[in-house]
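Written out below as structure tokens is the structure these notes cover.
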Amino acid sequence: MRQTWRWFGPKDLVSIDDIRQAGVEGIVSALHHVPTGNVWTLKEIEQRKAEIAAMSDGAPSTLTWDVVESLPVSEDIKKQAGNWRAHLETYRDSMRNLATAGVNTICYNFMPVLDWTRTDLAYRLPTGATCMRFDLTDFAAFDLHILERVGAEEDFSDALREAASRRFAEMSDDRKTQLARNVVFGLPGAAENFSLEDVRQHLDEYRTVDAHRLRTHMAAFLEEVAPLAQELGLRLCCHPDDPPIPLLGLPRIMSVETDFTWLVNAVDLPANGITLCSGSLGARPDNDLPGMMDRLGDRVHFLHLRNVKRETDQIRGDFHEAEHLAGDTDMVALVRAALAEEARRRAAGRADANIPFRPDHGQDILDDQKRQAQPGYPAIGRLKGLAELRGVIAASSHAGEAA
Ligand code: DNO
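And the structure:
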């Protein structure tokens, strides 16, 4: 398994020098400064490659840009509105430029309006570590009382609506602002930074886009990009919805195993693949991550290894981000399923037998709490997760013990 690490570019407070010490082999990055819908030029891609390749004193870092996360899909493409055809062309041009530069794995998602979202970015655990958390009552309070979305009442039970009203009544103004920021103003890596007004406007434009229609739009997108990826030797990998439930009345169509089975069949080409994110999918009790790796593994081009602790047994419930080997996903079983997939690929002579993974997110521990890097992406918390995962990989690969 190829060890990678997400780097948000030169502004990231966790530097290439730090990452080199963490001992990973490859980098996951994106041109976050290029507005969604614009072409990623070869010049900009080469510049990011050069930034990755050098340490601050100019010595070679030996790191390479292995995975793009994300090449964002515009809202216009998801809605098939406005400039969607032009955006498809720019998407394809960016793919060509990435292929020319030798950056071959491209992660994206198809979540309408919101990318990943949380209600708390620094939830304090009994140990003093902090982590990200999703609290459904807070989310409902946001939807009903801050965003004041038309129709929001219908999406929550009476009990949840009442709890959300009580929660909102107790919230300070600062907490209201913070909650809105956490939920919609864009967490690291999100394609857009929307204001509340932008979100309302988008919701209005999505009025006629239900799950069925969104799936049709996604199939049209895949038909444009997957054959090209195949031709260029690229691997596309769709990231699941996070959390994997409909939010704000919007459909979410990449939340469960059958969604991914649909995806790989929609355009049945090896290039049309999956980012298996155990953290996103693991927020639902009905997602069996090791089983998904077994069944869909031949199309998993990228792995996000992360764990969550579900605080209820509901499909739609509260959860927080746990340590990598704690939480509700059996990480050992998942890693073993990934190693078994790699063994199958090796036996088949596949060139992509070494699947890139990154330790996804991490709790803020020790000096992370001073450094204040991007939410979810601390240096030490991720390094601890990586070290634990390395241990599982080493033990599971030892003396033929891989599953
Ligand atoms: C969160 C991330 C997501 C992810 C995108 C992929 O930490 O996993 O922002 O990068 O959804 O397109």
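To get the numbering used here, take the position in the sequence shown, counting from 1, and add 724. Think of the CB as a built atom: it goes at the ideal place given N, C-alpha and C, for glycine as much as any other residue.
Cα separation between Ala1127 and Arg1060?
Bear in mind that a pLDDT of 49 at Ala1127, under 50, signals an unreliable position, so the number given afterwards is only what the model happens to contain. Those two C-alpha atoms are separated by around 5 Å.
If contact is defined by three or more beta carbon pairs under 8 Å, each pair taking one atom from either stretch, is the segment 835-843 in contact with the segment 973-987?
Flag = yes, the segment 973-987 and the segment 835-843 touch.
So, using beta-carbon positions, are Arg730 and Val758 closer together than 8 Å?
no
Per the contact definition of three or more C-beta pairs closer than 8 Å, is the segment 778-795 in contact with the segment 813-823?
yes
Can you tell me which of Arg726, Met725 and Asp741 puts its alpha carbon nearest to the alpha carbon of Ala1103?
Asp741
Name the one or two DSSP bridge partners that Asp1088 has.
Thr854
Can you tell me whether His1044 sits near the ligand DNO, meaning its C-beta is under 7 Å from at least one heavy atom of the ligand?
no
For His869, I'd like the list of residues in its chain whose CB is within less than 6 Å of its CB, leaving aside the five on either flank, ordered along the chain.
Here the set comprises Phe892.
Between Thr829 and Cys962, what straight-line distance do the alpha-carbon atoms span, to the nearest angstrom?
11 Å
Let me check understanding here. Comparing Cα to Cα, which of Arg937, Ala953, Asn1011 and Phe945 lies closest to Asp965?
Asn1011
With distances taken between CB atoms, is the gap from Gly1100 to His1048 smaller than 8 Å?
no
Please find out if some non-hydrogen atom of the ligand DNO comes closer than 7 Å to the beta-carbon of Leu789.
It is worth fixing the name first, because residue 789 is Trp in this sequence and not Leu. Checking every heavy atom of the ligand DNO against the Cβ of Trp789, none is found closer than 7 Å.
Please report the straight-line C-alpha distance between Asn807 and Tyr930, rounded to a whole angstrom.
15 Å
Over the uninterrupted beta strand (DSSP E) stretch that includes Trp789, give me the two end residues.
Thr788 to Glu793
Would you call the segment 873-883 and the segment 840-853 in contact, with 3 or more CB pairs under 8 Å?
no
Return yes when at least one heavy atom of the ligand DNO lies under 7 Å from the C-beta of Gly750, else no.
Taking 7 Å as the cut-off, the C-beta of Gly750 does not count as close to any heavy atom of the ligand DNO.
Helix, strand or coil for Arg1068? Go by DSSP, reduced to three states.
helix
If you drop the 5 nearest sequence neighbours on each side, which residues of the same chain put their C-beta closer than 8 Å to that of His756?
Phe732, Gly733 and Gly913
Decide if Thr854 is buried, meaning its Cβ has at least 16 other Cβ atoms within 10 Å, or exposed.
buried
Give me the Cα-Cα distance between Glu770 and His1025, rounded to the nearest whole angstrom.
23 Å
Measuring only the C-alpha atoms, how far is Ala1072 from Thr861?
49 Å
With Tyr990 as the anchor, note down where its alpha helix (DSSP H) starts and where it stops.
Residue 990 is actually Ala in this sequence, not Tyr. Element bounds for Ala990: Glu981 to Ala990.
Would you be able to state if there are at least three C-beta pairs under 8 Å between the segment 929-948 and the segment 760-770?
no
So, at 8 Å on beta carbons, what are the nonlocal neighbours of Ile1039 in its own chain, with the 5 sequence-adjacent residues on each side left out?
Ile969, Arg1008, Pro1009 and Asp1010
Compute the distance between the beta-carbons of Pro1083 and Val791, then report whether it is under 8 Å.
no
Bridge partners of Glu1045, per DSSP?
DSSP, once it has assigned bridges, lists Val1032 as partnering Glu1045.
Below 6 Å CB to CB, which residues in the same chain sit around Leu938 once its five sequence neighbours on both sides are set aside?
Pro975 and Ile977
What's the call for Thr940, buried or exposed, on a 16-neighbour Cβ count within 10 Å?
exposed
May I ask you to check if the CB of Asn1129 is nearer than 7 Å to at least one heavy atom of the ligand DNO?
The displayed coordinates of the chain run from 725 to 1127. Any statement about residue 1129 would go beyond what the structure contains.
Which residues share a DSSP beta bridge with Val1024?
Ile998
I need the DSSP call for Arg976, collapsed to helix, strand or coil.
coil
Taking the alpha helix (DSSP H) that His926 falls in, what are its first and last residues?
Leu920 to Glu929
Where in the segment 833-919 do unbroken runs of the beta strand (DSSP E), each at least 3 residues long, occur, reported from the N-terminal end onward?
Whole beta strand (DSSP E) segments, 3+ residues: 844-848 and 854-858.
Look at the Cβ atom of Phe984, then the Cβ atom of Leu1020, and state whether they are nearer than 8 Å.
yes
Are there any heavy atoms of the ligand DNO lying less than 7 Å away from the beta-carbon of Ala914, as far as the coordinates show?
yes
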